[in-house]
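Numbering (full-length UniProt numbering), first residue to last: 1 to 174.
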């Protein structure tokens, strides 16, 4: 029963992050160079113990869903799958000295500001780098593209930080 409930909860989170991104957040722009990729919160905040195959499948499904809404021809799917592929590597690099507990989640309150900042900064910047350079298709406007990557990484990062502080519990569940 517990696994079915977890699966239902994750499906609801998938729909919630996708819907909030499509209906609200996608309309926000930061000086016409920064966009918030709110849907990444679903992928970034999945349980740490999520198997890589599941991570890749849900990353593709989330990215493909965004591609359907924005007619971006696989840009979101490609960048999201790369994020899903690299996430376990980043988690392994950032493993605390005592390792992760089975119930650990990507939670700023449990892992700390420094851990969360590195985790978020690495994965979001890699996602945005791939997304914007695939969108550009070349290195012709590299300055503007780098500005888009920087502004969007900051915008998405601050948004994810706000989501963590407002919606994720400060104490470990027992």
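All C-beta atoms, glycine included, are put in the ideal place defined by N, C-alpha and C.
Of the residues 54, 33, 119, 38, which one's Cα is nearest the Cα of residue 18?
When 54, 33, 119, 38 are compared, the shortest CA-CA separation from residue 18 is found for 38.
In whole angstroms, what is the alpha-carbon distance linking residue 7 and residue 75?
27 angstroms
Are three or more beta carbon pairs between the stretch 149-161 and the stretch 23-38 nearer than 8 angstroms?
yes
In this structure, does DSSP put residue 137 in helix, strand or coil?
Looking at residue 137 - three-state DSSP - the assignment turns out to be coil, as it is neither helix nor strand.
Please report the residue range of the alpha helix (DSSP H) in which residue 25 lies.
Residue 25 -> no alpha helix (DSSP H), and no H or E assigned at all.
By a C-beta neighbour count over all protein chains shown, 10 Å radius and 16 as the cutoff for buried, is residue 113 buried or exposed?
exposed
How would you call residue 108, buried or exposed, if buried means at least 16 neighbouring beta carbons within 10 angstroms?
By the neighbour-count rule (16 or more Cβ atoms within 10 Å), residue 108 is buried.
Can you tell me the Cα-Cα spacing of residue 159 and residue 36, whole angstroms?
One C-alpha to the other measures close to 8 angstroms.
Could you have a look at residue 104 and say whether DSSP puts it in helix, strand or coil?
Coil.
If distances are taken between C-alpha atoms only, which option among 131, 164, 80, 15 comes closest to residue 148?
131
Look at the Cβ atom of residue 41, then the Cβ atom of residue 151, and state whether they are nearer than 7 angstroms.
no
Whole angstroms are fine: how far does the CA of residue 106 sit from the CA of residue 44?
Residue 44 and residue 106: Cα-Cα distance of roughly 7 angstroms.
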